[in-house]
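Have a look at the structure below, then the notes.
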Amino acid sequence: MRISAEEMQRYYKGHAKTVVVRADSGQTLQFSADHLRTFVQRDGVAGWFEIEYDAAGKFVSLNCLKRL
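This note's numbering numbers the first residue of the sequence shown as 559 and each following residue consecutively.
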């Protein structure tokens, strides 16, 4: 996932609340931008991430596997 600092500002200012990304498998995932807060650096968010959902499809966790 790669999100520029400028794009992250849109989330912080409330102009966007949901992040939509495409997984390596081709699946489209959608989750709250709030889950990215701990991963934001000066230049935004960049890295390989693992997202976990429970059996009901509810968000459980987001882990950074490798920062870029």
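Backbone N, C-alpha and C fix where the C-beta goes; we use that ideal spot for every residue, glycine too.
Bounding residues of the beta strand (DSSP E) (the contiguous stretch that carries Arg600): First-last for Arg600: undefined, no H or E at that position.
Can you check whether the CB of Ala563 is closer than 9 angstroms to the CB of Thr576? no
Rounded to a whole number of angstroms, what is the C-alpha to C-alpha distance between Ala604 and Gly615? 25 angstroms
Please classify Leu623: is it buried, with 16 or more other beta-carbons within 10 angstroms of its beta-carbon, or exposed? exposed
Buried or exposed, going by whether 16 or more other CB atoms sit within 10 Å of the CB of Leu626? Leu626 is exposed by the Cβ-count criterion.
Have a look at the DSSP bridge pairing and note the partners of Glu610. Ser619
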